[in-house]
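Reviewing the structure listed below.
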Amino acid sequence: MLSRLASRAALQCQPLMNRTLIVSVQKASSAPAAEPAKQAIPNSADLEDPIDKAPRIPALLQEGPERDLVNFPRPVQREEPAPTRLAFVPEEYFDFFYKKTGVTGPYMFGIGVWTWLLSKEIYVLEHNFYNFLSMFMIVSIIHQKAGPKIAAWADKEIEQWSKENKEAEDVEKLSIKESIEDISDYTQKLEVYKDIIEARREAASAAQEALYREWQVTAYNEAKKRLDYQVDLANVERRISQKNMSAWITTNVLKSITPAQEAEALKKCISDLKSLSASA
Numbered sequence: 007m008l009s010r011l012a013s014r015a016a017l018q019c020q021p022l023m024n025r026t027l028i029v030s031v032q033k034a035s036s037a038p039a040a041e042p043a044k045q046a047i048p049n050s051a052d053l054e055d056p057i058d059k060a061p062r063i064p065a066l067l068q069e070g071p072e073r074d075l076v077n078f079p080r081p082v083q084r085e086e087p088a089p090t091r092l093a094f095v096p097e098e099y100f101d102f103f104y105k106k107t108g109v110t111g112p113y114m115f116g117i118g119v120w121t122w123l124l125s126k127e128i129y130v131l132e133h134n135f136y137n138f139l140s141m142f143m144i145v146s147i148i149h150q151k152a153g154p155k156i157a158a159w160a161d162k163e164i165e166q167w168s169k170e171n172k173e174a175e176d177v178e179k180l181s182i183k184e185s186i187e188d189i190s191d192y193t194q195k196l197e198v199y200k201d202i203i204e205a206r207r208e209a210a211s212a213a214q215e216a217l218y219r220e221w222q223v224t225a226y227n228e229a230k231k232r233l234d235y236q237v238d239l240a241n242v243e244r245r246i247s248q249k250n251m252s253a254w255i256t257t258n259v260l261k262s263i264t265p266a267q268e269a270e271a272l273k274k275c276i277s278d279l280k281s282l283s284a285s286a
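According to this note's numbering, the sequence shown is numbered sequentially starting from 7.
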């Protein structure tokens with residue numbers, strides 16, 4: 007009964023949301039105590055079963071990796087207390103004496119030790135001893151009368167708490183699984199978005215390349231126009247200078263011809279024409 011009450015008190019001291027397991031009541035574990043799980047945004051790499059993060063109370067003895075768990079398993083604490091006699095004497099005490107002294111051996115040994123303690127005044131019966139006897143009788147009566155009822159009530163409460171805790175864990179596991187699925191979908195969408203962004207980047211690069219080439223063509227055409235203008239301008243200037251030069255030369259030549267030279271040249275031309283007409 008007392009173990010059930012201790013178990014219930016320990017379970018009620020733990021908050022439901024943290025889902026901390028009282029492992030020491032059910033089973034002694036040798037695993038080192040893990041740090042409590044920190045609340046953080048779940049991701050696909052760090053999400054684990056919350057039960058795996060539950061703290062464990064380490065065993066008193068350290069175990070090496072070479073321990074044989076098949077032939078020497080870890081000790082498991084009992085759910086029910088060991089059988090006793092007289093409400094506090096373990097049954098193993100009587101079994102130890104039965105093999106050596108028989109049925110009356112443990113009783114005679116206990117009475118002998120008690121008598122020796124009293125006779126040597128190692129233990130003195132003062133008034134506190136009788137208070138202990140009174141309290142022991144009261145506790146024994148309460149244990150015999152109300153113990154089974156209290157134990158049944160404690161077991162029922164523990165079972166109800168365990169059921170509620172299990173339901174809460176199942177709900178949270180389902181929520182975590184849904185979160186994992188959402189994160190997986192989001193990750194896939196991110197991959198698609200990466201492809202879209204890459205395609206947009208390539209399209210922008212192609213548009214920039216086309217615009218750059220268009221600007222190159224425009225710059226080429228403008229430069230060609232300016233060069234053609236300079237060529238045409240040089241040609242016009244050269245024609246004008248040639249025309250002016252020929253006009254100046256002609257004018258100066260005409261000015262240098264005298265009337266006698268002109269008459270002589272005219273006569274020569276007439277004679278040449280006559281000779282040509284005669285030969286024809």
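Every residue gets a Cβ at the ideal spot worked out from N, C-alpha and C, and that includes glycine.
Is residue i helix, strand or coil when you go by DSSP?
| i | result |
| --- | --- |
| Arg91 | strand |
| Ala39 | Caution applies to Ala39, whose pLDDT of 44 falls short of 50 and renders its modelled position unreliable; the model cannot decide the point. |
| Pro71 | coil |
| Ile28 | A caution first: Ile28 carries a pLDDT of 35, below 50, which makes its placement in the model too unreliable to give a value. |
| Ser9 | Its pLDDT being 49, under 50, Ser9 is placed unreliably by the model, and the measurement read from it follows with that caveat. DSSP places Ser9 in helix when its eight states are reduced to three. |
Using the C-alpha atoms, what's the distance from residue j back to residue i?
| i | j | result |
| --- | --- | --- |
| Pro87 | Tyr99 | 15 Å |
| Leu139 | Arg91 | 17 Å |
| Gly153 | Ser185 | 47 Å |
| Glu270 | Ser247 | 33 Å |
| Lys106 | Ser146 | 31 Å |
| Val198 | Ser211 | 20 Å |
| Ile128 | Tyr136 | 17 Å |
| Asn77 | Gln83 | 18 Å |
| Leu131 | Gly108 | 31 Å |
| Asn227 | Asp238 | 16 Å |
| Trp120 | Thr110 | 15 Å |
| Ala266 | Ala240 | 43 Å |
| Asp101 | Glu163 | 35 Å |
| Ala157 | Asp176 | 28 Å |
| Pro79 | Glu85 | 17 Å |
| Ile203 | Gln214 | 16 Å |
| Glu178 | Lys200 | 32 Å |
| Asp234 | Arg244 | 15 Å |
| Lys261 | Leu272 | 17 Å |
| Ala34 | Phe142 | With a pLDDT of only 38 at Ala34, under the threshold of 50, the placement of this residue in the model should not be trusted, and no figure is reported. |
| Met114 | Trp159 | 39 Å |
| Arg219 | Gln236 | 26 Å |
| Leu217 | Arg232 | 23 Å |
| Lys230 | Ala253 | 34 Å |
| Asp188 | Ala174 | 21 Å |
| Leu123 | Asn134 | 17 Å |
| Ser2 | Cys275 | Residue 2 cannot be examined here, being either before or after the span of the chain that is shown, 7 to 286. |
| Lys195 | Asp161 | 50 Å |
| Ser36 | Ser190 | Confidence in Ser36 is poor, its pLDDT being 42 and thus under 50, which makes the residue's placement too unreliable to answer from. |
| Ala209 | Thr193 | 24 Å |
Return the first residue and the last residue of the alpha helix (DSSP H) that residue i is part of.
| i | result |
| --- | --- |
| Phe78 | Run containing Phe78: none; DSSP gives neither H nor E here. |
| Gln194 | 133-262 |
| Gly118 | 111-125 |
| Tyr129 | Neither: Tyr129 is in no alpha helix (DSSP H) and is coded neither H nor E. |
| Gln267 | 265-285 |
| Glu86 | Run containing Glu86: none; DSSP gives neither H nor E here. |
Could you say which of the options lies nearest to residue i if we only look at CA atoms?
| i | options | result |
| --- | --- | --- |
| Gly116 | His133, Pro96, Leu131, Val130 | Pro96 |
| Gln150 | Lys274, Ala93, Glu72, Ser262 | Ala93 |
Please look up how many angstroms separate the CB atoms of residue i and residue j, rounded, as I've assumed it's under 8 Å.
| i | j | result |
| --- | --- | --- |
| Phe103 | Pro112 | 4 Å |
For the ligand PLP, is there any heavy atom lying closer than 8 Å to the beta carbon of residue i?
| i | result |
| --- | --- |
| Glu72 | Only the bare structure without any ligand can be found here, which leaves the ligand PLP out of the picture. |
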